[in-house]
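Working notes, structure below.
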Amino acid sequence: MIRRTRAEHTPARQRARVAAAVVAMTGIGCLTWPGAAHAAPGPAQATRSDFNNDIFDDLIVGVPDASSAAGQVSILPGSVSGPSNTGLKIITQSGSVPGSPETGDRFGADVAYGDVDGDGLTDLAVGSPGEADSVFKERGNVTVLTGSSQLAQGDYFTTADDDPRNPGKARLGTAVAMGDITGDGLDDVIGVGLGSAGSGGWLVWRDSATKKATTLRLTFEDLNHVDVAAGDFNGDGFDDVAVTTVDRYGQARAYEYPSAGRTGLTHAMAIQMGAGRSIAAGDINQDGRDDIVIGQPVPAETAPAYGGTTGGQVTVKLGQDYGLYYRGHTTAISQTTPNVPGEAVEGDAMGTSVDLRDLNGDNTLDIITGLPGKESTVNGVTSADAGSVLLLNLTTTPDGIALKNATGLSQGTGGIGGGGESGDQFGTAVTAGDFTGNGTTGLVLGAAGENNGDGTTVYRPATGPASFLGKGVAGTPTGSRLGSVLTS
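Each position in the sequence shown, counted from 1, maps to that position plus 1 in our numbering.
Structural data, given as structure tokens:
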């Protein structure tokens, strides 16, 4: 899940072993975070990923493979030098956090943030698609932790039992998002699930004012991939929900759940565009309507009518007065697009991860996308799946948007140290934020295969050299694929 992004505030409303000592308290590293004044009622404002109210954006790292896939979330506070393990918070399902850490829960499979109670503090939603209950082993759930409790307390929601097609096997929490669906000034929480054993895919959204969770069918077929984003795609003041899916037959489809206002989401409508595995939302062209970008790393999954490019691509669809679901207003970008560096090769997997940020301060959102399957050749030595990242700078046109220029990043280039090795998968996940509090946008890029699956993240500030934030900084165990889930 990536938060909705607006150019006037670079951090998104949203789809990386501790070197310093971390003291366990209620399942979380102990740090006193200051409170904040309560926010005034009204439409929800763009929430920052600043959990401790120190003006620095914080980095949220989901680690679902930690501890035999029980999972954890690490929060690295921002600082003058970027994300840091000073004040690192490690969250597991222990202590006062709902649930208990069990093998296969995959707590941290996705993360999102917002303000669910209107107190001006940032709250956190965490997906656990492997969470079992007394009846179903793969029901899954979404845990919501409050900023007022320093993310130590909260509650959770899951699927309802009143549908005969077995939402108890939903694997809810595969992807999560937040947005103000009802327009009451509170961010509501959305969880989606792949489904299993023929249950099909599911979407559950919870009204933060009433705590009522509504279960909606997403697909009749089980899914191999699903991602979700929230945004106001028709400019009516209520956030809608967009979902991209790939079913078990390898067919990719995208759906919009429009908001009907105070009553919440209506039923899904197909979005007429090429779908894929990842999605981000934001107002790219600043017209008051949020737009989406979908990553399509596997061309064969995209319906022939919408094309598909060797090596993968990303496709932008602009929001309109009627939302997203009519044909048109799309722009596809791949390595075959003029001014995009790199040769398009099968398996590059461009679009595995996507985010939208204003990278150059021109008030237009740009695309960050990962190509974790990209091979690297240095001094005649080729490394498969070393990975790379593309920064796609966009510009507005009378007809919509267009690519302005593009930059490729990999280990050993663009101020990033080291060198790509086979299986590093640099670009597994991508995010960005104002981690230094100076109004500039820094990147955090995941390489989940680094060091034989320990994983790592790379912090690349707006200026100056990049630095590695590995397991010793993020407090993650060996073999937990750090860098798989990132947001800020």
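For each residue, glycine too, the CB sits at the ideal point set by N, CA and C.
C-alpha distance - residue i paired with residue j, whole-angstrom precision
i	j	result
residue 374	residue 310	15 Å
residue 470	residue 458	5 Å
residue 414	residue 192	37 Å
residue 270	residue 50	31 Å
residue 222	residue 278	16 Å
residue 162	residue 216	9 Å
residue 99	residue 159	13 Å
residue 106	residue 74	13 Å
residue 360	residue 464	12 Å
residue 181	residue 123	14 Å
residue 383	residue 420	11 Å
residue 194	residue 456	25 Å
residue 306	residue 300	12 Å
residue 370	residue 275	16 Å
residue 93	residue 476	12 Å
residue 304	residue 273	10 Å
residue 71	residue 102	5 Å
residue 444	residue 143	27 Å
residue 69	residue 135	21 Å
residue 482	residue 353	16 Å
residue 243	residue 486	19 Å
residue 447	residue 104	24 Å
residue 502	residue 167	The question about residue 502 has no answer, for the chain in this structure spans 2 to 489.
residue 41	residue 125	Confidence at residue 41 is low in this model, with a pLDDT of 38, below 50, so the placement of that residue should be treated as unreliable; the coordinate-derived value is given next. Roughly 20 Å separates the two Cα atoms.
residue 289	residue 283	10 Å
residue 298	residue 394	19 Å
Beta carbon proximity, residue i to chain C, threshold 8 Å
i	result
residue 404	No chain C appears in this structure, which consists of one protein chain only.
CB-CB length for residue i against residue j, believed under 8 Å
i	j	result
residue 397	residue 365	6 Å
residue 109	residue 155	Not confirmed; about 15 Å, so no contact.
residue 187	residue 214	The Cβ separation is near 14 Å, so there is no contact.
residue 241	residue 259	5 Å
residue 467	residue 424	Going by Cβ atoms, the distance from residue 467 to residue 424 rounds to 20 Å, so no, they are not a contact pair.
residue 141	residue 171	6 Å
residue 372	residue 351	5 Å
residue 377	residue 409	Actually they do not touch by this definition, with Cβ atoms about 11 Å apart.
residue 228	residue 489	With 8 Å as the limit, residue 228 and residue 489 do not qualify as a contact, their Cβ atoms being about 17 Å apart.
Residue(s) in a DSSP beta bridge with residue i
i	result
residue 367	358
residue 254	246
residue 408	392
residue 157	144
residue 351	313
residue 456	483
* Asked: So does the region 71-89 actually touch the region 204-219, counting three or more Cβ pairs closer than 8 Å?
  -> The region 71-89 vs the region 204-219: no contact.
* Indicate whether the contact test is met: 3 or more Cβ pairs, each with one atom in the region 145-164 and one in the region 113-121, closer than 8 Å. => Counting Cβ pairs under 8 Å, three or more are found: they touch.
* Residue ranges of each beta strand (DSSP E) within the region 182-241, 3 or longer -> Runs found: 189-194, 203-207, 214-218 and 224-232.
* Asked: Contact between the region 338-346 and the region 411-427: three or more CB pairs below 8 Å?
  -> Taking one beta carbon from each stretch, the region 338-346 and the region 411-427 have fewer than 3 pairs nearer than 8 Å; the two do not touch.
* Are at least three pairs of beta-carbons, each pair with one atom in the region 248-260 and one in the region 334-344, less than 8 Å apart? -> They do not touch, by the three-pair rule.
* Report yes or no: do the region 420-433 and the region 397-409 share at least 3 C-beta pairs separated by less than 8 Å? => With the cut-off at 8 Å, the region 420-433 and the region 397-409 do not touch.
* **Ranges of the beta strand (DSSP E) found wholly within the region 55-127, counting only runs of at least 3** => If we require 3 residues or more, the beta strand (DSSP E) runs fully inside the region 55-127 come out as 60-64, 73-77, 90-92 and 112-115.
* Every unbroken beta strand (DSSP E) within the region 249-301, with a cutoff of 3 residues, ordered by chain -> Fully enclosed beta strand (DSSP E) runs of 3 or longer: 253-258, 279-283 and 292-297.
* **Inside the region 399-454 only - alpha helix (DSSP H) runs reaching at least 4 residues** => Whole alpha helix (DSSP H) segments, 4+ residues: 451-454.
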